[in-house]
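In the numbering used here, the protein residues as written are 248 to 598.
Notes follow the structure.
Printed below as a string of structure tokens:
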């Protein structure tokens, strides 16, 4: 299985951490909080949001058009399409249907959604790879388009309206303020047909579902003709025990990293680059300390994009490739983690 191309679509609105804190000024003053703590604690300087009313499918279509162009693969050659975001246009039908129509992909293609918190995109890659190995398809596309703006807006509104909120109860909402938006699309191909790209060498997964309550998010039940999933007419909310999630997630990641190393006969020194789920500074530091890895090999984007959910890791990979950080024959480790808790990790090589 070969990742033959990957492209991103960045939302137009840049919102800094200071911008968010200015909106929270009343709460900050009441709780004697100093402006700058959001960036200081998370390492996130800014994130991007879509214009209001933008549906997740719209970003996915733009990213998909880019990757079709960059790989010179005809839409009719795409045999399967997976939409993998937490954000979606609606509960039914699959948002992949909207993306399929927008990209003009073959009517013979299998299309469906996969959603698994921040791991959806990686699950999509695995699924397409398995379909290739079974001889069912030659090319498949996986897309993600996360829309975090409505969650951030709703979180700020809830904080300002809850006059009983304290410094301590604010902690459950902190993670929601680190969320950003973005879209990414990748094409997975049969390596007998496409010979250059990112070759997937192996993957391992591990679950720790005893921690399922550490991070839970959702929206209300209304789905209208003009709804856009995680968007204007819904009231998204997410509550996260960030400290517990941080430690439980990194413990799970260490277990899975050991599994991946055993499968590939790697050591901690084998990868030239680590491409990780993008959470923030504290997660990056603890993860690399816990796994005893060289943080200088990490390529991070949380500083400019925040946490973009399932799009975060592939957006970081795309940016590293665009900046020519990855050379031919370099070994890559994709370290994925998502609420649930679940971890999915890949070993790869640029060929």
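Ideal Cβ placement from N, Cα and C applies to all residues, glycine included.
| Asked | Found |
| --- | --- |
| Looking at the unbroken alpha helix (DSSP H) that takes in residue 337, where does it start and where does it end? | Careful: residue 337 lies outside any alpha helix (DSSP H) and carries neither H nor E. |
| Under a Cβ-count criterion, where at least 16 other Cβ atoms within 10 Å of its own Cβ denotes burial, should residue 301 be classed as buried or exposed? | buried |
| Spatial neighbours of residue 559 within its chain, please: C-beta separation below 6 Å, excluding the five flanking residues on both sides. | 524, 525 |
| In the structure shown, what three-state DSSP assignment does residue 364 receive? | coil |
| Between residue 512 and residue 498, what straight-line distance do the alpha-carbon atoms span, to the nearest angstrom? | 21 Å |
| Is residue 496 helix, strand or coil by DSSP? | helix |
| Does DSSP classify residue 312 as helix, strand or coil? | helix |
| Apart from the five residues on each side of it in sequence, which residues of its chain come closer than 6 Å, Cβ to Cβ, to residue 282? | 268 |
| Taking C-alpha atoms, which residue in 462, 350, 535 lies nearest to residue 504? | 535 |
| Entirely within the stretch 524–597 and at least 3 residues each: give me those beta strand (DSSP E) ranges in chain order. | 578–585, 589–597 |
| For residue 288, report the span of its alpha helix (DSSP H) as first-last. | 284–289 |
| Quick check on this structure: which residue in 310, 424, 518 has the alpha carbon closest to the alpha carbon of residue 289? | 424 |
| Who pairs with residue 393 in a beta bridge, going by DSSP? | 429 |
| Looking only at its own chain, which residues have a Cβ that is under 8 Å from the Cβ of residue 385, when we skip the five neighbours before and after it? | 324, 326, 379, 436, 437, 440 |
| For residue 554, count the other beta carbons within 10 Å of its own beta carbon; 16 or more makes it buried, fewer makes it exposed. Which is it? | buried |
| Relative to the alpha-carbon of residue 579, which residue among 361, 590, 449, 292 has its alpha-carbon at the smallest distance? | 449 |
| Rounded to whole angstroms, what is the Cα-Cα separation between residue 418 and residue 482? | 20 Å |
| According to DSSP, is residue 450 part of a helix, a strand, or is it coil? | strand |
| Among the residues of its own chain, which have a CB less than 8 Å from the CB of residue 260, if the five just before and after it don't count? | 295, 296, 297, 298, 396 |
| Do you know how far the Cα of residue 543 is from the Cα of residue 549? | 15 Å |
| Taking CB distances under 8 Å as the criterion, tell me whether residue 396 reaches chain B. | No chain B appears in this structure, which consists of one protein chain only. |
| If I follow the unbroken alpha helix (DSSP H) through residue 198, where does it start and stop? | Because residue 198 is not part of the residues shown, which for the chain are 248 to 598, the question remains open. |
| Check whether the stretch 426–434 touches the stretch 559–571, counting contact only when three or more Cβ pairs, one atom from each stretch, lie closer than 8 Å. | yes |
| Does the contact criterion of 3 or more C-beta pairs under 8 Å hold for the stretch 345–362 versus the stretch 574–592? | no |
| Which residues in the same chain as residue 493 place their Cβ atom closer than 7 Å to its Cβ, once the five residues preceding and following it in sequence are excluded? | 529, 530, 533 |
| In the DSSP assignment, the alpha helix (DSSP H) including residue 265 goes from what residue to what residue? | 264–270 |
| Got a sec, what are the start and stop residues for the beta strand (DSSP E) residue 444 sits in? | Here residue 444 belongs to no beta strand (DSSP E), and DSSP marks it neither H nor E. |
| So, for residue 414: in the same chain, excluding its five sequence neighbours on each side, which residues have a beta-carbon less than 6 Å away from its beta-carbon? | 278 |
| Work out the CA separation of residue 453 and residue 618 for me, nearest whole Å. | Any answer about residue 618 is impossible in this case: the structure gives the chain only from 248 up to 598. |
| Whose C-beta lies closer than 7 Å to the C-beta of residue 495 among residues of the same chain, with five residues either side of it excluded? | 455, 458, 461, 588 |
| Just the Cα atoms here: how many angstroms apart are residue 347 and residue 358? | 7 Å |
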